[in-house]
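Numbering (the UniProt record's numbering), first residue to last: 1 to 87.
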């Protein structure tokens, strides 16, 4: 009797835009808007028309969105909006 080895594939390093949005639990259009205004995670230009997101960049971006209170989150959001208005 021959035993088959189970092959475990490594986690992908780069996710498609749809998979990245799914990981972040947001709509792909929201992720696109964040990419356009600079408020989203870093992305990778894979080809002229294809965008990808490194899992490590998504995880790092999530960490920047962590707050302990809603007041802290609102203050950070307001500061980011003010910076965006300058550009």
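For glycine and all other residues, C-beta sits at the position ideal for the given N, C-alpha and C.
According to DSSP, is residue i part of a helix, a strand, or is it coil?
i	result
residue 16	strand
residue 53	strand
residue 77	helix
residue 4	coil
Using the Cβ count rule (16 or more neighbours within 10 Å means buried), how would you classify residue i?
i	result
residue 53	buried
residue 20	buried
residue 10	exposed
residue 38	exposed
residue 13	exposed
residue 36	exposed
How would you write the range of the alpha helix (DSSP H) that residue i sits in, first residue to last?
i	result
residue 42	Segment: none, residue 42 is in no alpha helix (DSSP H) and carries neither H nor E.
Worksheet item: Does the pairing of the region 69–79 with the region 41–56 give three or more beta-carbon distances under 8 Å?
Response: no
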